[in-house]
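To start, the structure itself, in structure tokens.
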Amino acid sequence: MAALRVIGIRCRRSPKEVAEHFIAMGSEAVVFDPDFICGADHVISSYMHAERALSQGTQRSRGILTETILYASADRQIGRALRKMSPKEGDTAFVVLIIGGSEDLALSDIGAERDDSLVECTEVSARNMGLKKGSIPYTNLILEQIASVDIMKY
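So our numbering is basically just the index in the sequence shown, starting at one, shifted up by 775.
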């Protein structure tokens, strides 16, 4: 498995420009709306499930990046997953999954500042992901939702 990093950044670039920055540096990247992310494990687990689905031929999409978004959304429909998890027009805060590439992220090249607090699970992100407050931490509940995507896909 490639090296995975989950970071939060703030910048005035479009999500496409953010992804292109990391791609130009030899990485693959998925840019998420932080209002739907419940911790780094949410993103990493989504990638790992996507990787397994592709290796087993059970994926719903053609590529690992889209499949990762599908798992992260805890939805079975690719279109809904993309709308839900993608940053919205005008957003300046992003969570980025960086797959492989250089250790130097060169964030200053795109005028970005790192803010890993964006990765943390908040009441807003938990509510947006449909998580209910109870005795089980949100960060555990989201992992259960990711795992349930395998069941929903059939």
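Where a beta carbon is used, it is the ideal one built from N, C-alpha and C, also for glycine.
Values in this document were obtained by computation on a predicted structure and should not be read as measured data.
- Contact between I917 and R780 does not hold, since their C-beta atoms are separated by about 19 angstroms, which reaches or exceeds 8 angstroms.
- Look at G783 here: in three-state DSSP terms it is strand.
- Collapsing the DSSP output to three states places R855 in a helix.
- A straight-line Cα-Cα distance of about 13 angstroms links E919 and I819.
- Closest in C-alpha terms to M800, from the list D850, S789, F811, I885, comes I885.
- The beta carbons of R889 and G783 sit closer together than 9 angstroms.
- The distance from the Cβ of E842 to that of L829 is about 6 angstroms, consistent with a contact at the 8 angstroms cut-off.
- Under the three-state reduction of DSSP output, I921 falls in the helix class.
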